[in-house]
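Residue 210 is where the sequence shown starts when you use my numbering, and the numbers rise one by one after that.
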Amino acid sequence: MGESWFSTSLKAVFDPNSQQIFSESFTSSLVASTDSESTGQKSRKIRIFLSAEQRSLIRKWFGVSRYVFNKTVKILQNGEVKANWKAIKTGILNDLPEWCKEVPYQIKSIAIKDACTAVREAKKKYQKTGQINRVRFRSRKNPIQSCYIPKSAVSDKGIYHTKLGGLTFSEALPDNRGDCRLTSNNGDYYLTVPHKTTQEKAENQGRVVAIDPGVRTFLTFFSDNSIGKIGHGDFYRIQRLCIHLDNLLSKISKAKRNQKRRMRKAARRIIIRIQNLINELHHKAARFLVDNFDVILLPTFETSEMSRKGKRKIRSKTVRNLLTFSHFRFKEFLKHKASETGKTVVDVCEAYTSKTVSWTGEMVNIGGSKTIKSKIDGRVMD
210 MGESWFSTSL
220 KAVFDPNSQQ
230 IFSESFTSSL
240 VASTDSESTG
250 QKSRKIRIFL
260 SAEQRSLIRK
270 WFGVSRYVFN
280 KTVKILQNGE
290 VKANWKAIKT
300 GILNDLPEWC
310 KEVPYQIKSI
320 AIKDACTAVR
330 EAKKKYQKTG
340 QINRVRFRSR
350 KNPIQSCYIP
360 KSAVSDKGIY
370 HTKLGGLTFS
380 EALPDNRGDC
390 RLTSNNGDYY
400 LTVPHKTTQE
410 KAENQGRVVA
420 IDPGVRTFLT
430 FFSDNSIGKI
440 GHGDFYRIQR
450 LCIHLDNLLS
460 KISKAKRNQK
470 RRMRKAARRI
480 IIRIQNLINE
490 LHHKAARFLV
500 DNFDVILLPT
510 FETSEMSRKG
520 KRKIRSKTVR
530 NLLTFSHFRF
540 KEFLKHKASE
550 TGKTVVDVCE
560 AYTSKTVSWT
570 GEMVNIGGSK
580 TIKSKIDGRV
590 MD
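Right, here's the structure in full:
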């Protein structure tokens, strides 16, 4: 996995006489398929580097987009006006103040569309579940701001280069791109570019691996000829950041004015640092799994049930570690990468992963134990 902040261990045994573990249903479906590739769509998040004048102009775009969105939500709140984007767009745009006129038309127009879509979805959810979901106004204090950018305004020269000027992208723009989203996250600016891509289908092999997620070790995997651990005993680094963040948040309420603002920015930087470390762990682990295996058995990991105060059997410190690892988010990301590469992720119970003694086939409820012991022959394995 290259240079990483977390540890990895792998033990592989290559025995030509050993029986391979394949998934019959997986391989048979691949034989019937004749196409080796299919087209799909994915998004690429590209960082952009701006001058002080360009940052000021983009912040104005964010402000106008936010103002138009909130104005539209305010109009739709009483329910007398229907959330029909094309019907109300002209009236709202003509009624905007003078300071909004310089902002590109598409940014303001799609802000109205986003508000109408949000209101319609809230109404649909109310009709299905009976729960009231109010569309919130967008806040300028939110550390993440965004606005719509049409694909016609994006080129190698920049974004609306006649207005904003030339830009420097961290990487080349993809071909066959669609409409984009310009975002800022704690002072860094990104362009999210959706584009068409080819999805390769897996080879006719069906290599199977079983995964056991945990807290002491983020992932333990077991296949027919290899075992290994990803992120074993490395949570102390993130735990130190979490403790530092808790101490900082406890002092913010006692701070005054500018000091409070600076402390909030510092807390936001720590949160982003923690998120980046977790994202690196998720991305590299998912890449390793989809590159080396074709069928991935992933047990249901009920984080919300295990962390619920009423019935949980684990300490609050363990709950904090469990929630920070974001196992559910990793599961969703792994499924996304598997769909891109033509691999298969199967949701199974723990009988297929950590509860089964591999050399006897019996099931043992190990709980939080670090080892598993066979009741038949008494042997113990990590």
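The C-beta atom is built at its ideal place from N, Cα and C for all residues, glycine as well.
As the structure is a computational prediction, the values presented were derived from the model and not from experiment.
For residue i, is the classification buried or exposed, using 16 other Cβ atoms within 10 angstroms of its Cβ as the cut-off for buried?
| i | result |
| --- | --- |
| Gln250 | exposed |
| Trp214 | exposed |
| Lys220 | exposed |
| Phe427 | buried |
| Lys317 | buried |
| Ile585 | exposed |
| Cys356 | buried |
| Pro177 | Residue 177 is absent from the structure shown; the chain starts at 210 and stops at 591. |
| Tyr276 | buried |
| Gln340 | exposed |
| Val589 | exposed |
| Pro422 | buried |
| Phe235 | Here the model assigns Phe235 a pLDDT of 40, short of 50, so the residue's position is not dependable, and the following value carries that caveat. Buried: at least 16 other Cβ atoms inside 10 Å. |
| Ser393 | buried |
| Cys325 | buried |
| Glu212 | exposed |
| Gln263 | buried |
| Asp365 | exposed |
| Asp556 | exposed |
| Arg482 | exposed |
| Asp323 | buried |
| Ala296 | exposed |
Going by DSSP in three states, residue i sits in which element: helix, strand or coil?
| i | result |
| --- | --- |
| Lys540 | helix |
| Asp443 | coil |
| Ser462 | coil |
| Ser237 | For Ser237, the predicted structure reports a pLDDT of 33, less than 50, and the residue's modelled location is therefore unreliable. The matter cannot be settled from this model. |
| Ser232 | Residue confidence is low: Ser232 scores 46 on pLDDT, short of 50, so the model does not pin down where it sits. Its coordinate-derived value is still stated next. If DSSP states are grouped into helix, strand and coil, Ser232 belongs with coil. |
| Lys291 | coil |
| Arg478 | helix |
| Phe215 | coil |
| Arg386 | strand |
| Arg347 | coil |
| Met515 | Here Met515 scores only 48 on pLDDT, less than 50, and its place in the model should not be relied on; the value that follows carries that caveat. If DSSP states are grouped into helix, strand and coil, Met515 belongs with the helices. |
| Glu330 | helix |
| Val312 | coil |
| Ile341 | coil |
| Thr243 | Confidence at Thr243 is low in this model, with a pLDDT of 42, below 50, so its placement is unreliable and the value that follows should be read with caution. Note: Thr243 maps to coil in three-state DSSP. |
| Gln286 | coil |
| Ser535 | coil |
| Arg521 | Residue placement at Arg521 is poorly supported in this model, since its pLDDT is 49, which falls under 50; the coordinates are not used for a value here. |
In the DSSP assignment, what are the bridge partners of residue i?
| i | result |
| --- | --- |
| Gly407 | In the sequence as displayed, the identity of residue 407 is Thr instead of Gly. Answer is Thr248. |
| Thr618 | Given that the chain is displayed from residue 210 to residue 591, the structure contains no residue 618 and the question cannot be resolved. |
| Pro508 | Val557 |
| Pro422 | Leu428 |
| Phe378 | Ile257 |
| Leu305 | Leu305 is not bridged to any residue. |
| Leu220 | Checking the displayed sequence, the identity of residue 220 turns out to be Lys instead of Leu. DSSP lists Ile436 as partners of Lys220. |
| Gly367 | Ser364 |
| Leu391 | Cys356 and Leu400 |
| Arg470 | BP columns for Arg470 are empty, so no partner. |
| Arg268 | Arg268 is not bridged to any residue. |
| Val417 | Val504 |
With a Cβ-Cβ cutoff of 7 Å, do residue i and residue j count as a contact?
| i | j | result |
| --- | --- | --- |
| Val312 | Val273 | yes |
| Lys256 | Tyr399 | The residue you asked about is not Lys; residue 256 is Arg in the sequence shown. Taking 7 Å as the Cβ cut-off, Arg256 and Tyr399 qualify as a contacting pair. |
| Ser503 | Lys552 | Per the sequence shown, residue 503 should be read as Asp rather than Ser. Their beta carbons are under 7 Å apart, which means Asp503 touches Lys552 by this criterion. |
| Ala494 | Lys546 | no |
| His404 | Arg390 | no |
| Leu506 | Ala419 | yes |
| Gly437 | Ser216 | no |
| Gln354 | Phe258 | no |
| Pro352 | Asn395 | yes |
| Lys337 | Ile321 | no |
| Met210 | Phe497 | yes |
| Phe253 | Val402 | Per the sequence shown, residue 253 should be read as Arg rather than Phe. Yes. |
| Asn342 | Lys333 | no |
| His491 | Phe534 | no |
When every heavy atom of the ligand FMN is checked, does at least one fall within less than 6 Å of the C-beta of residue i?
| i | result |
| --- | --- |
| Asn394 | The model depicted lacks the ligand FMN and carries no ligand whatsoever. |
Would residue i count as contacting chain D if we go by Cβ distances under 7 Å?
| i | result |
| --- | --- |
| Ile353 | Annotation note: the requested chain D is absent from the structure, which comprises a single protein chain. |
Do the stretch 321-336 and the stretch 276-294 touch if we need at least three Cβ pairs shorter than 8 Å?
Yes, the stretch 321-336 is in contact with the stretch 276-294.
Counting pairs of Cβ atoms below 8 Å between the stretch 277-287 and the stretch 334-353, do you hit three or more?
The stretch 277-287 is in contact with the stretch 334-353.
Would you call the stretch 436-451 and the stretch 361-380 touching, i.e. three or more CB-CB distances under 8 Å?
Taking 8 Å as the limit for Cβ pairs, the verdict is that the stretch 361-380 does not touch the stretch 436-451.
Meets three-Cβ-pair contact criterion under 8 Å: the stretch 433-442 and the stretch 459-474:
The stretch 433-442, when compared against the stretch 459-474, does not touch it at the 8 Å Cβ threshold.
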